[in-house]
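In the numbering used here, the protein residues as written are 133 to 347. Here's the structure, in structure tokens; my notes come after.
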């Protein structure tokens, strides 16, 4: 019995000694584990709140447009671009601002807004849409070569019909009617028969002597 007590005492001392030597590391490990669990939950909740705030601010964009309040629109777009650039709402607000600037005849300002929107775009699809709008602005400004260069970019490759139509418009501006016809025909191959834009492209093709299904 005495030996058993001594063994228990010795084992207890060994445990206490081991804890003294390793206790800090254990506590630190537990603390780190708890931090990772609860810290991640906090981070996730914080991210959700961040995006919700951005979405709420973006809703104000429509109000500013409806009220024709350009100052408010510019403030909202700038705030989203500065503070919420990691969300799609920053680029979307800048795109809306660019549209209003185009209507107001401020092509240069619209280009700047779209260039910033393009830089902040958080996904490839949105980036491609913005690139197409930029290309359209370039074409409207007489820069057909710049528009063609953007139409050939990888980021717009997923938008076959829009890209092909853009190429057709740019080539027609350069006087290349044959190339424009080919581009319009290509655009039609990527559109359903009921697509709203199909009729417009068919008219462009018909004006150049091209054959369409409705001819």
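We put the CB at the ideal spot given by N, CA and C, even for glycine. Being a predicted model, the structure only gives us computed values, none of them experimental.
By Cβ distance, which residues of its chain are closer than 7 Å to residue i, with the 5 residues on each side in sequence left out?
{"i": "residue 204", "result": "196"}
{"i": "residue 311", "result": "303"}
{"i": "residue 276", "result": "302, 305 and 306"}
{"i": "residue 336", "result": "300 and 316"}
{"i": "residue 183", "result": "219"}
{"i": "residue 241", "result": "233"}
{"i": "residue 294", "result": "264"}
Using 10 angstroms around the beta-carbon of residue i, count the other beta-carbons present and answer buried if the total reaches 16, otherwise exposed.
{"i": "residue 261", "result": "buried"}
{"i": "residue 232", "result": "buried"}
{"i": "residue 189", "result": "buried"}
{"i": "residue 181", "result": "exposed"}
{"i": "residue 228", "result": "buried"}
{"i": "residue 386", "result": "Given that the chain is displayed from residue 133 to residue 347, the structure contains no residue 386 and the question cannot be resolved."}
{"i": "residue 333", "result": "buried"}
{"i": "residue 330", "result": "buried"}
{"i": "residue 270", "result": "buried"}
{"i": "residue 281", "result": "exposed"}
{"i": "residue 254", "result": "exposed"}
{"i": "residue 320", "result": "buried"}
{"i": "residue 236", "result": "exposed"}
Which of helix, strand or coil does DSSP assign to residue i?
{"i": "residue 328", "result": "coil"}
{"i": "residue 333", "result": "helix"}
{"i": "residue 219", "result": "coil"}
{"i": "residue 147", "result": "At residue 147, the pLDDT of 49 sits below 50, so the modelled position is not reliable; the number obtained from the coordinates is stated separately. Residue state, collapsed to three classes: helix."}
{"i": "residue 186", "result": "helix"}
{"i": "residue 340", "result": "coil"}
{"i": "residue 306", "result": "coil"}
{"i": "residue 260", "result": "helix"}
{"i": "residue 174", "result": "The pLDDT assigned to residue 174 is 48, lower than 50, so where the model puts this residue is not dependable; a value taken from the coordinates is nonetheless given after this. In the structure shown, residue 174 sits in a helix (DSSP, three-state: H, G or I)."}
{"i": "residue 236", "result": "coil"}
{"i": "residue 228", "result": "helix"}
{"i": "residue 278", "result": "helix"}
{"i": "residue 250", "result": "helix"}
{"i": "residue 212", "result": "helix"}
{"i": "residue 136", "result": "With a pLDDT of only 41 at residue 136, under the threshold of 50, the placement of this residue in the model should not be trusted; the figure read from the coordinates follows. If DSSP states are grouped into helix, strand and coil, residue 136 belongs with the helices."}
Going by alpha carbons, who is nearest to residue i out of the options?
{"i": "residue 192", "options": "182, 181 and 211", "result": "211"}
{"i": "residue 340", "options": "225, 235 and 300", "result": "300"}
{"i": "residue 278", "options": "290, 338, 263 and 292", "result": "263"}
{"i": "residue 220", "options": "185, 331 and 258", "result": "258"}
{"i": "residue 297", "options": "267, 274 and 325", "result": "267"}
{"i": "residue 187", "options": "215, 199, 201 and 206", "result": "215"}
{"i": "residue 247", "options": "237, 265 and 235", "result": "265"}
{"i": "residue 245", "options": "255, 280, 207 and 256", "result": "207"}
{"i": "residue 238", "options": "318, 286 and 272", "result": "272"}
{"i": "residue 290", "options": "185, 308 and 322", "result": "322"}
Does the ligand GTP have even one heavy atom less than 7 Å from the beta-carbon of residue i?
{"i": "residue 192", "result": "Absence of the ligand GTP from the depicted structure is noted, as is the absence of any ligand whatsoever, leaving it without description."}
By Cβ distance below 8 Å, which residues in the same chain neighbour residue i in space, the five residues on each side in sequence not counted?
{"i": "residue 252", "result": "213, 217, 222, 223 and 226"}
{"i": "residue 285", "result": "263"}
Looking only at its own chain, which residues have a Cβ that is under 6 Å from the Cβ of residue i, when we skip the five neighbours before and after it?
{"i": "residue 209", "result": "225, 226 and 229"}
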